[in-house]
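Mapping of the sequence shown onto the working numbering: residues 79 to 165, in sequence order.
Yeah, the Cβ is synthetic: ideal placement off N, Cα and C, and Gly gets one too.
Worksheet: one structure, shown below.
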Amino acid sequence: MTEEEKIKAMRLARAIASDISLYNEQKIIKGIEQDNLFEVLKEELDEGRELYKSRVSPEIFQRMNFFERAINDIVLRSKAHVKSKIW
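Following this line, the structure appears as structure tokens:
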């Protein structure tokens with residue numbers, strides 16, 4: 079796996095996470111407030127993960143955690159201001 083492949087995979091993961099965040103903002107806020115975010119977004123996260131998996135090499139998908147990291151960075155951290163019992 080080349081450095082360019084890693085960069086492209088990281089960008090793809092962040093783009094997918096950004097779309098999930100943009101189109102599901104109210105679900106995300108509600109999920110954080112009710113501490114069931116991953117249940118509320120299960121369908122969107124599964125769909126995003128499958129899209130990511132289909133567009134990167136199996137080696138990158140198995141060895142690099144770019145998709146999950148992007149979800150944490152973009153979906154969760156951007157909503158850190160939302161009141162929740164988890165933080």
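Using 10 angstroms around the beta-carbon of residue i, count the other beta-carbons present and answer buried if the total reaches 16, otherwise exposed.
{"i": "SER99", "result": "buried"}
{"i": "ILE85", "result": "exposed"}
{"i": "PHE145", "result": "buried"}
Report the option in the options whose CA atom is closest to the CA atom of residue i.
{"i": "LYS157", "options": "GLU81, MET88, SER96", "result": "SER96"}
{"i": "GLU81", "options": "ILE138, GLY126, GLU146", "result": "ILE138"}
{"i": "LYS161", "options": "MET88, LYS108, ALA91, ARG92", "result": "LYS108"}
{"i": "ARG147", "options": "GLU83, GLU117, LEU123", "result": "LEU123"}
{"i": "VAL153", "options": "GLY126, LYS120, ILE106", "result": "ILE106"}
{"i": "MET88", "options": "TYR130, LYS163, HIS159, TYR101", "result": "TYR130"}
{"i": "GLU83", "options": "GLU121, ARG133, GLN104", "result": "ARG133"}
Could you pull out every residue in the same chain whose Cβ sits closer than 7 Å to the Cβ of residue i, ignoring the five residues on either side in sequence?
{"i": "MET79", "result": "SER135, GLU137, ILE138"}
{"i": "MET142", "result": "LYS84, ALA87"}
Kindly list the residues whose CB is nearer than 8 Å to the CB of residue i, restricted to its own chain and excluding five residues on each side of it in sequence; keep chain order.
{"i": "GLU117", "result": "GLY109"}
{"i": "LYS163", "result": "ASP113"}
Within a Cβ cutoff of 6 Å, which residues of the same chain sit near residue i, ignoring the five residues on either side of it in sequence?
{"i": "TYR101", "result": "none"}
{"i": "GLY126", "result": "ILE94, ILE98"}
{"i": "ALA91", "result": "TYR130, PHE144, PHE145, ALA148"}
*Can you give, in chain order, each stretch of the beta strand (DSSP E) that sits fully within the stretch 81-130 and has at least 3 residues?*
If we require 3 residues or more, the stretch 81-130 turns out to have no beta strand (DSSP E) run fully inside it.
*Give, in chain order, every unbroken run of the beta strand (DSSP E) that is at least 3 residues long and sits entirely within the stretch 129-156.*
Runs of the beta strand (DSSP E) inside the stretch 129-156: none found.
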